[in-house]
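Each residue of the sequence shown is one higher than the last, beginning at 2 in the working numbering. By construction, the Cβ of each residue, glycine as well, lies at the ideal position given by its N, Cα and C atoms. Heads up, the thing below is written out as structure tokens.
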Amino acid sequence: MRGFVAELVQQAAKAVESDAGSASDIGHLAPHEYRLSLVASFAYKLLLSAQGSPLPPRLASAVAGSLAAAADRPVSCGTQSIGVSDASLAPVSLPLPKLTSLLQASGEALYSSDEPSVAGELCGAFVLAPDGSAGASFCGADWSATLASPGVVDVVSAADFPNPAANATAAADSNCYPFYLHPVGSPLPCVGAPVAVVLADSLSHARRGAQLAVLRLSHTAGLLKQAHPPPPPPSRRSP
Numbered sequence: 002m003r004g005f006v007a008e009l010v011q012q013a014a015k016a017v018e019s020d021a022g023s024a025s026d027i028g029h030l031a032p033h034e035y036r037l038s039l040v041a042s043f044a045y046k047l048l049l050s051a052q053g054s055p056l057p058p059r060l061a062s063a064v065a066g067s068l069a070a071a072a073d074r075p076v077s078c079g080t081q082s083i084g085v086s087d088a089s090l091a092p093v094s095l096p097l098p099k100l101t102s103l104l105q106a107s108g109e110a111l112y113s114s115d116e117p118s119v120a121g122e123l124c125g126a127f128v129l130a131p132d133g134s135a136g137a138s139f140c141g142a143d144w145s146a147t148l149a150s151p152g153v154v155d156v157v158s159a160a161d162f163p164n165p166a167a168n169a170t171a172a173a174d175s176n177c178y179p180f181y182l183h184p185v186g187s188p189l190p191c192v193g194a195p196v197a198v199v200l201a202d203s204l205s206h207a208r209r210g211a212q213l214a215v216l217r218l219s220h221t222a223g224l225l226k227q228a229h230p231p232p233p234p235p236s237r238r239s240p
């Protein structure tokens, strides 16, 4: 059975690779090869689940609710030791266990994305300054393709803060300096500086809309347009 399942997984992975290879890469997500390996593992679990139960012990852990729930695959453990120059300062500089590590390692930890969606819920994705933008001035953006992208509802920028001072306050609270969303005319301190948030009906639609943004950046050599030209979306609507 294992050889049969492995062959089916390989065939499914090749089909997915063919489809994924024709799509534009999304730089802020995992590399192409890693995404394919995840798809292959999900396909393997799907085929095993379709076999029904009970599965042989060597395969049961693949479809268990968590590693801790698999009888033949207990949670692993380890230790870490580092040198402390002054023992009188203990426990300062001593490694301490992360309280949530067992739940995270076993797949039982819950995150905000695990919560079920509610009616009217919107998801946001940051529009970030692209490569080569450190030190440039943010001169504006063309949001037309973003707003025409399926599922996109709106774009929030620094101009939407009712009180401009709140932009700096939010930056201090989230360790973003000097702005939470960098306004038009401000210098960009680094690559990845946030300039806007795209709101959409799903996270994938929000990320897609953020990728479509065209930022205008000014360097000393003149105005430089930074764009991410993807294939046109399947349907469009007026901004």
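Own chain, CB closer than 7 Å to residue i, minus 5 neighbours either side, in chain order
i      : result
PHE127 : PRO195, VAL198 and ALA211
HIS185 : According to the sequence as given, residue 185 is Val; it is not His. Counting only Cβ-Cβ distances below 7 Å, and skipping sequence neighbours, we find PHE139, CYS140 and GLY141.
LYS46  : ALA63 and VAL64
ALA171 : TYR181
LEU97  : none
SER134 : LEU189, VAL192, LEU218 and GLN227
ARG209 : SER150
Status (buried if at least 16 other CB within 10 Å, exposed otherwise) for residue i
i      : result
CYS191 : exposed
ASN168 : buried
TYR178 : exposed
VAL181 : Here residue 181 turns out to be Tyr, not Val, going by the sequence shown. Buried.
HIS220 : exposed
ALA214 : buried
THR147 : buried
LEU129 : buried
ALA173 : exposed
SER89  : exposed
ALA91  : exposed
VAL156 : buried
Residue i: first and last residue of the uninterrupted alpha helix (DSSP H) it sits in
i      : result
SER102 : 102-107
ALA126 : Run containing ALA126: none in the alpha helix (DSSP H); it sits in the beta strand (DSSP E), 124-129.
ASN168 : 165-174
Boundaries of the beta strand (DSSP E) in which residue i is found, first to last residue
i      : result
GLY141 : 138-143
HIS183 : From DSSP, HIS183 is part of no beta strand (DSSP E); its letter is neither H nor E.
Spatial neighbours of residue i in its chain, beta-carbon cut-off 8 Å, leaving aside the 5 residues before and after
i      : result
HIS206 : CYS124, SER150, PRO151, GLY152 and VAL153
GLY121 : none
SER23  : Below a pLDDT of 50, predicted positions are generally treated as unreliable, and SER23, at 47, falls in that range; no measurement from the model is reported.
LEU104 : ALA110
Same chain, Cβ closer than 6 Å to residue i, five either side skipped, listed in chain order
i      : result
LEU225 : Because LEU225 sits at a pLDDT of 44, beneath the cut-off of 50, its placement in the model cannot be relied upon, and the following sentence gives the value as read from the coordinates. The answer, listed in chain order, is LEU218.
LEU204 : CYS124
GLY136 : none
Bridge-paired residues (DSSP) for residue i
i      : result
ALA201 : CYS124 and VAL153
ARG59  : ARG59 pairs with nothing; no bridge assigned.
SER158 : ALA197
PRO188 : SER138
beta-carbon residue i near the ligand NAP non-hydrogen atom, thresh 7 Å
i      : result
ALA142 : Of the ligands one can find in the structure shown there are none, so the ligand NAP has no counterpart to examine.
- Message: Taking contact to mean 3 or more Cβ pairs, one atom from each stretch, closer than 8 Å, check whether the region 103-110 and the region 150-167 are in contact.
- Response: With the cut-off at 8 Å, the region 103-110 and the region 150-167 do not touch.
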